[in-house]
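K.L.:
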Amino acid sequence: MVHTRFAPSPTGFVHIGSIYSVLLDFAVARKNHGKFTIRIEDTDRNRYVADAEAKLYEAIDWFGLQEDESSRKGGKFAPYHQSERLAVYQEYVQKLITSGNAYYCFCTTERLDQMRKDQQKSGKPPMYDKHCRNLSAEEVKANLDKKIPYVIRLKVPENIDIEVNDLIRGKIFFPSKDVDDQVLLKSDGFPTYHLAAIVDDHLMEITHIIRGEEWLPSSPKHVLLYQMFGWQMPVLFHTPTLRNPDKTKLSKRKGHTNVGWYQDQGFLPEAILNFIGQLGWTHPEGKEIFSLEEFVQLFKLEDVSPAGPVFDETKLRWMNGKYIREILSEDELFERIKKYLTLAISDQQLKKVIPLIKERLEVLSQVNDLLQFLLPEQQIDVELVKKQSKKTEEEIKKLLIDLQEALQTDEEWTVQSIELDIRNLKASYPDWGGRNYFMTIRVVTTAFPVTPPLFESIEVLGKELVLKRVESVINKL
RNA sequence: GGUCCCAUCGUCUAGGGGUUAGGACAGCAGGUUUUCAUCCUGUAAACCCGGGUUCGAUUCCCGGUGGGAUCACCA
């Protein structure tokens, strides 16, 4: 059975790149009727952030990429917090010691730092110098008895080529002389990622390891561990790194990495998933817009391009707008917009105005700018009216008085009747250019030069408020 | 610096030994429209370089170049 996993460390906010991994984990598992597990890699006590795990699950739910097994859902491989599995790692690291594939290291941090400094100075790659690799059993025992702090390191074999098989990159060979004797067990008794992940992936029967490309350089260590334990290697797939416009790894400073930001802006989870899904992968029919269900059905891991794509926010915005105006129903849009609306606007009014704003919305949070004109307290700027009309105060005043009259007597107050009122009135003002005429009315009634369609806007505003606004401008002229 | 990965328009990509190298976003120019958008039409824009294989390489191979990732008792 196919079994994928997402194994985050709870160290902060949820990264958009994590969602890329999760999407692939989810899709591969679903497509093959397998399972998708979330395992929390909380082995670093220093970087632990308490609410990170809750944030993660919140994001998972928001995107609709729910896992089958996890710390919150349980499962047959529980526990899913690595911090609760310490005894397991101790057991396996002992096996490595016994089989001669790992060794105790008593080097101090100071010595290690000095060593690296020296290596850097002489232009050598910083690597452990294997100082404790050949300690005799007696020396080890003596040190242990003296309670000298220690770590346990991987004994990387000398002079071999380690073969890593990546699904999309093929076979990659690493000379073992370039592979460091990695720390497997820290002096606090916690495992490092390298030990914990391999042990858990095996014990949890993970078949596909889907993780970021940044793990590629350390994968020979993982291959070695599988060999030493005599375990079968899962399929390895390293996801292409998402990039900033300058091609560097997507980062906080140069782009938006926090899923929370996308939520706040009013990006739709469907649109984000669609967008991420077509990075490195193309729909077989070349479709740009496709649902998660469709993606799950058609996606093939081996078809992903290995080149790291730039995360193009502009295209994401376009796609988000596309979802808003073409994919979501108006009822659905109404429910979602409500969550972003901070203006005091009634549900009834909002519902009415949605057809007017849906094609003007790229992200949901823009609704607050677009609906400013509906606020009753909105003041009309006379200077702006003058500027848009390109007429004298007297001429404007004359028009507005006629407008007031025309609207006053409109008993229907429908888009059609309002349009008729205003177009009929235009006939009496042949010397007003169409653009200036309508712009004047737009600013007087809505307060803004840029608004949804004029007659519809006036209708939604209501007769009372519109007349009040016209009146207010007349009085200021 | 060592190791490893990668390479088609500005961006996301399709394609693949013989193509007018296709699409999408962004750009530009028109059209629709009382504004802004939407929508429609058109336009400009790419196979990193050098060898080799071949009748023929953008496509396959090698080498450069460029970009990236990584080198912790972090994941």
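To convert, count from 1 in the first sequence and add 62; that's the numbering used here.
Ideal placement from N, C-alpha and C gives every residue a C-beta, glycine not left out.
#1: When you compare each of I334, P515, D365 and L363 to F352 by their alpha carbons, which one comes out closest?
#2: Using the three-state DSSP reduction, which class does F75 fall into: helix, strand or coil?
#3: Compute the Euclidean distance between the alpha carbons of K239 and R109, then round it to the nearest angstrom.
#4: Please look up how many angstroms separate the CB atoms of F235 and E225, rounded, as I've assumed it's under 8 Å.
#5: Short of 8 Å in beta carbon distance, which residues of its chain neighbour M501, apart from the five on each side in sequence? Order them along the chain.
#6: Return the bridge partner residues of K233 from the DSSP annotation.
#7: Hey, Q325 and W124 are a contact pair by Cβ (cut 8 Å); roughly how many whole angstroms apart?
#8: For E425, which option in I419, E467 and N382 has the closest C-alpha, if you only look at C-alpha atoms?
#9: Give me the residue from P302, P296, E474 and Q441 with the minimum Cα distance to V598.
#10: Sorted by chain position, which residues of the same chain lie with C-beta nearer than 6 Å to G339's C-beta, five sequence neighbours on each side aside?
#11: Does the distance from the CB of L265 to the CB of T254 come in under 9 Å?
#12: By the three-class DSSP mapping on this structure, what secondary structure does Y190 have?
#13: In the DSSP assignment, what residue or residues form a beta bridge with C167?
#14: Considering only their Cβ atoms, is the gap separating V532 from L482 smaller than 9 Å?
#15: Give the C-beta separation of D243 and L216 to the nearest angstrom, bearing in mind that I take them to be a contact with Cβ-Cβ under 8 Å.
#16: In whole angstroms, what is the alpha-carbon distance linking T508 and G524?
#17: Using a Cβ-Cβ cutoff of less than 6 Å, which residues in the same chain neighbour I222 once the five nearest sequence positions on both sides are dropped?
#18: With distances taken from CA atoms, which of H65, R398 and K448 is nearest A89?
#19: When you compare only the Cα positions, how much space is there between N94 and H270?
#20: Between the Cα of H77 and the Cα atoms of E347, G274 and L418, which residue gives the shortest distance?
#21: Helix, strand or coil, according to DSSP, for S132 in the structure here?
#22: Taking the beta strand (DSSP E) that G370 belongs to, which residues open and close that run?
#23: Here's a check: name, in chain order, each residue in its chain whose Cβ is nearer than 8 Å to the Cβ of L162, leaving out the five neighbours to either side.
#24: Report the partner residues of F68 according to the DSSP bridge assignment.
#25: Taking the straight line between their C-alpha atoms, what separation do you get for S133 and L127?
P.N.:
According to the structure data:
#1: Locating residue 352 in the first sequence gives position 290, where the first residue counts as 1. Taking only the C-alpha atoms, the option nearest F352 is I334.
#2: Within the first sequence, the letter at position 13 stands for residue 75. Residue state, collapsed to three classes: coil.
#3: By one-based count along the first sequence, residue 239 stands at place 177. By one-based count along the first sequence, residue 109 stands at place 47. C-alpha separation (whole angstroms): 31 Å.
#4: Taking the first residue of the first sequence as position 1, residue 235 is located at position 173. Taking the first residue of the first sequence as position 1, residue 225 is located at position 163. Confirmed, Cβ separation roughly 6 Å.
#5: If you number the first sequence from 1, residue 501 lands on position 439. The answer, listed in chain order, is Q450, S451 and P511.
#6: In the first sequence, counting from the first residue as 1, residue 233 sits at position 171. In DSSP, K233 forms a bridge with N227.
#7: Position 263 of the first sequence, counted from the first residue, corresponds to residue 325. Position 62 of the first sequence, counted from the first residue, corresponds to residue 124. Going by Cβ atoms, the distance from Q325 to W124 rounds to 7 Å, so yes, they are a contact pair.
#8: Your numbering for residue 425 matches position 363 in the first sequence. The sequence shown places Val at residue 425, rather than the Glu named in the question. Nearest option by C-alpha distance: N382.
#9: The displayed coordinates of the chain run from 63 to 539. Any statement about residue 598 would go beyond what the structure contains.
#10: For the purposes of this step, residue 339 is taken as the residue at position 277 of the first sequence. F357.
#11: By 1-based counting over the first sequence, the position of residue 265 is 203. By 1-based counting over the first sequence, the position of residue 254 is 192. Between L265 and T254, the gap from beta carbon to beta carbon reaches 9 Å or more.
#12: For the purposes of this step, residue 190 is taken as residue 128 along the first sequence, with counting starting at 1. Reduced to three states, the DSSP call for Y190 is coil.
#13: Within the first sequence, numbered from 1, the residue matching residue 167 stands at position 105. C167 is bridged to V213.
#14: Position 420 of the first sequence holds residue 482. Position 470 of the first sequence holds residue 532. In this structure, V532 does not lie closer than 9 Å to L482 by Cβ.
#15: As a first step, residue 243 must be located in the first sequence, where it is residue number 181. As a first step, residue 216 must be located in the first sequence, where it is residue number 154. About 6 Å; that satisfies the 8 Å criterion.
#16: On the first sequence, position 446 is the one that residue 508 refers to. On the first sequence, position 462 is the one that residue 524 refers to. For T508 and G524, the distance between alpha carbons rounds to 11 Å.
#17: In the first sequence, residue 222 corresponds to position 160, counting from 1. Once the five neighbours on either side are set aside, the close Cβ partners of I222 are S238.
#18: By 1-based counting over the first sequence, the position of residue 89 is 27. Closest by alpha carbon: H65.
#19: In the first sequence, counting from the first residue as 1, residue 94 sits at position 32. In the first sequence, counting from the first residue as 1, residue 270 sits at position 208. A straight-line Cα-Cα distance of about 12 Å links N94 and H270.
#20: As a first step, residue 77 must be located in the first sequence, where it is residue number 15. It is G274 whose Cα lies nearest to the Cα of H77.
#21: Your numbering for residue 132 matches position 70 in the first sequence. The answer is strand: DSSP assigns S132 an E or B state.
#22: Counting from 1 along the first sequence, the entry for residue 370 is found at position 308. Looking at the DSSP string, G370 is not in any beta strand (DSSP E), and its letter there is neither H nor E.
#23: Position 100 of the first sequence, counted from the first residue, corresponds to residue 162. The sequence given here places Gly at residue 162; Leu does not occur at that position. Correct list, in chain order: K217.
#24: In the first sequence, residue 68 corresponds to position 6, counting from 1. Answer by DSSP bridge pairing, in chain order: I100.
#25: Position 71 of the first sequence, counting from 1, holds the residue named residue 133. Position 65 of the first sequence, counting from 1, holds the residue named residue 127. Spanning the two alpha carbons is a distance of roughly 15 Å.
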